[in-house]
Ligand code: GLY
Ligand code: MN
Ligand code: MN
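Numbering (the numbering used here), first residue to last: 78 to 539.
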């Protein structure tokens, strides 16, 4: 954890932005997997982590904005919880280590909330994204079951997004710690992805590195020779010579900061001519996009630059044709690149999206498009110094999509369906890095992970 003053200063800033009332934070509870005592791995809510530090289940907290009091609600450990889970800090110690004014037993939370409500003060809370949190909120605030999101505080949500979006230097350090582990995960996967191996063997090894690194995976690992399935979470295939594997994974640091890296690996150790042709064009799109990032530039503009770069690359090899700008304006490139260029990243791998994807990625000047492909762009608004985001263009040969578009004769002016036949089965290529928007440009975070054709092939050969 950071020192206590970090959390109290963050809360003081938040209280100042919200202005008045009481801010309620509900930490996460344990979540049963298949019977009451077998839980999913515990993950604390990220705003709770940001403002109150502790990654312990069943905590809650209040900021009384009007009186400037910060209260943590926690129960002292019982003898039974110590027997099963070992020594744990008292409620007072938990409060003290994050600079709270005092601790109260959890049972006091409904009482204090009732007092706030009775005195006519607004209780601000975030929209819940888990059913157990939703239920608890409804109970505590006497809301109709299922309606808590409707009563969530816009002012609080905006203030949290504004604050958490701009990363502190200490947070960048944590993200780079996560990236140091991701480096090992990705290099190990390049060295191990050999003909005869099963995807699950590599995915398991990669997850082991994340755990050995002191955290866990930031999201379920994607390691698949069916790289054209964008988020493929199955690992059943045997790798064969000539396969291309999309490996999208990231470690979380011990303080739960994410990393999110994709590399594409030739199982034979070297890319075939076709694979290399696609790989180099995706890489060009990624490098150009990163170069274009600076404060004030809307990320949608960077996404469209990636789309144009990829489109012109696909025209060079005869898969697309016509005018690049027109093709992208009409969305023809989305056959190959149907997803967004990137997303915010921090405590959450898709940072802050629990508060609402559009509230994080869009604003009054940047609205989400409804065009196929562009509609999946999660971040469109202008970038600001301190933002951390991913840059992850890809090019995929998705059979169902190619068949559907061809049958409809969609974008025939721009897509050479005839030539495309020879590329079916290639799978997909995605290349993803995590970057920081600086005062005047951009910095790729972490130690460089092999990325050029030569670097990847050399890492595979090592
Ligand atoms: N790892 C999922 C993503 O790249 O967004
Ligand atoms: Mn990813
Ligand atoms: Mn990503």
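Yeah, the Cβ is synthetic: ideal placement off N, Cα and C, and Gly gets one too.
For residue i, three-class secondary structure by DSSP
{"i": "residue 137", "result": "strand"}
{"i": "residue 389", "result": "helix"}
{"i": "residue 106", "result": "coil"}
{"i": "residue 337", "result": "coil"}
{"i": "residue 422", "result": "coil"}
{"i": "residue 112", "result": "strand"}
{"i": "residue 78", "result": "coil"}
{"i": "residue 519", "result": "strand"}
{"i": "residue 285", "result": "helix"}
{"i": "residue 249", "result": "helix"}
{"i": "residue 428", "result": "coil"}
{"i": "residue 187", "result": "helix"}
{"i": "residue 347", "result": "coil"}
{"i": "residue 325", "result": "strand"}
{"i": "residue 397", "result": "strand"}
{"i": "residue 437", "result": "helix"}
{"i": "residue 256", "result": "helix"}
{"i": "residue 99", "result": "strand"}
Within 8 angstroms, strictly: CB atoms of residue i and residue j
{"i": "residue 521", "j": "residue 260", "result": "no"}
{"i": "residue 506", "j": "residue 356", "result": "yes"}
{"i": "residue 188", "j": "residue 142", "result": "no"}
{"i": "residue 463", "j": "residue 234", "result": "no"}
{"i": "residue 48", "j": "residue 416", "result": "Residue 48 is absent from the structure shown; the chain starts at 78 and stops at 539."}
{"i": "residue 256", "j": "residue 518", "result": "no"}
{"i": "residue 460", "j": "residue 203", "result": "no"}
{"i": "residue 186", "j": "residue 150", "result": "yes"}
{"i": "residue 283", "j": "residue 370", "result": "no"}
{"i": "residue 339", "j": "residue 140", "result": "no"}
{"i": "residue 325", "j": "residue 344", "result": "no"}
{"i": "residue 153", "j": "residue 133", "result": "no"}
{"i": "residue 98", "j": "residue 194", "result": "no"}
{"i": "residue 496", "j": "residue 390", "result": "no"}
{"i": "residue 510", "j": "residue 468", "result": "yes"}
{"i": "residue 334", "j": "residue 403", "result": "no"}
{"i": "residue 285", "j": "residue 331", "result": "no"}
{"i": "residue 474", "j": "residue 305", "result": "yes"}
{"i": "residue 451", "j": "residue 421", "result": "no"}
{"i": "residue 103", "j": "residue 214", "result": "yes"}
{"i": "residue 176", "j": "residue 92", "result": "no"}
{"i": "residue 424", "j": "residue 174", "result": "no"}
{"i": "residue 436", "j": "residue 380", "result": "no"}
{"i": "residue 268", "j": "residue 477", "result": "no"}
{"i": "residue 372", "j": "residue 458", "result": "no"}
{"i": "residue 342", "j": "residue 266", "result": "yes"}
Residue i, enclosing alpha helix (DSSP H) - first and last residue
{"i": "residue 177", "result": "Segment: none, residue 177 is in no alpha helix (DSSP H) and carries neither H nor E."}
{"i": "residue 315", "result": "Residue 315 -> no alpha helix (DSSP H), and no H or E assigned at all."}
{"i": "residue 93", "result": "81 to 95"}
{"i": "residue 232", "result": "231 to 242"}
{"i": "residue 365", "result": "350 to 369"}
{"i": "residue 156", "result": "156 to 162"}
{"i": "residue 332", "result": "Residue 332 -> no alpha helix (DSSP H), and no H or E assigned at all."}
{"i": "residue 153", "result": "Segment: none, residue 153 is in no alpha helix (DSSP H) and carries neither H nor E."}
Option nearest residue i by Cα separation, candidates the options
{"i": "residue 275", "options": "517, 232, 285, 311", "result": "311"}
{"i": "residue 190", "options": "138, 168, 360", "result": "138"}
{"i": "residue 313", "options": "301, 323, 324, 307", "result": "301"}
{"i": "residue 398", "options": "133, 493, 178, 296", "result": "493"}
{"i": "residue 171", "options": "412, 350, 78, 118", "result": "78"}
{"i": "residue 456", "options": "438, 267, 468", "result": "438"}
{"i": "residue 210", "options": "101, 372, 110, 92", "result": "101"}
{"i": "residue 289", "options": "328, 272, 298", "result": "328"}
{"i": "residue 135", "options": "144, 128, 120", "result": "120"}
{"i": "residue 165", "options": "484, 155, 173", "result": "155"}
{"i": "residue 352", "options": "502, 183, 434, 447", "result": "502"}
{"i": "residue 308", "options": "163, 316, 323, 447", "result": "323"}
{"i": "residue 498", "options": "116, 281, 488, 483", "result": "483"}
{"i": "residue 349", "options": "297, 534, 377, 400", "result": "534"}
{"i": "residue 412", "options": "129, 487, 206", "result": "487"}
{"i": "residue 514", "options": "111, 490, 368", "result": "368"}
{"i": "residue 434", "options": "393, 206, 197", "result": "206"}
{"i": "residue 361", "options": "225, 346, 245, 472", "result": "472"}
{"i": "residue 317", "options": "296, 270, 297", "result": "270"}
First and last residue of the uninterrupted beta strand (DSSP E) at residue i
{"i": "residue 130", "result": "Per DSSP, residue 130 belongs to no beta strand (DSSP E) and is neither H nor E."}
{"i": "residue 472", "result": "471 to 473"}
{"i": "residue 148", "result": "146 to 150"}
{"i": "residue 505", "result": "505 to 507"}
{"i": "residue 511", "result": "510 to 514"}
{"i": "residue 468", "result": "465 to 468"}
{"i": "residue 226", "result": "Residue 226 -> not in any beta strand (DSSP E); alpha helix (DSSP H) instead, spanning 225 to 228."}
beta-carbon residue i near ligand 4 non-hydrogen atom, thresh 7 angstroms
{"i": "residue 428", "result": "Absence of ligand 4 is noted for the structure shown, with ligand 1, ligand 2 and ligand 3 being the only ligands found."}
Test: residue i CB closer than 8 angstroms to a CB of chain D
{"i": "residue 532", "result": "Reference to chain D is not applicable here, since this structure consists of a single protein chain."}
contact_flag[the segment 209 to 219, the segment 80 to 91] where n(CB pairs < 8 angstroms) is 3 or more
no
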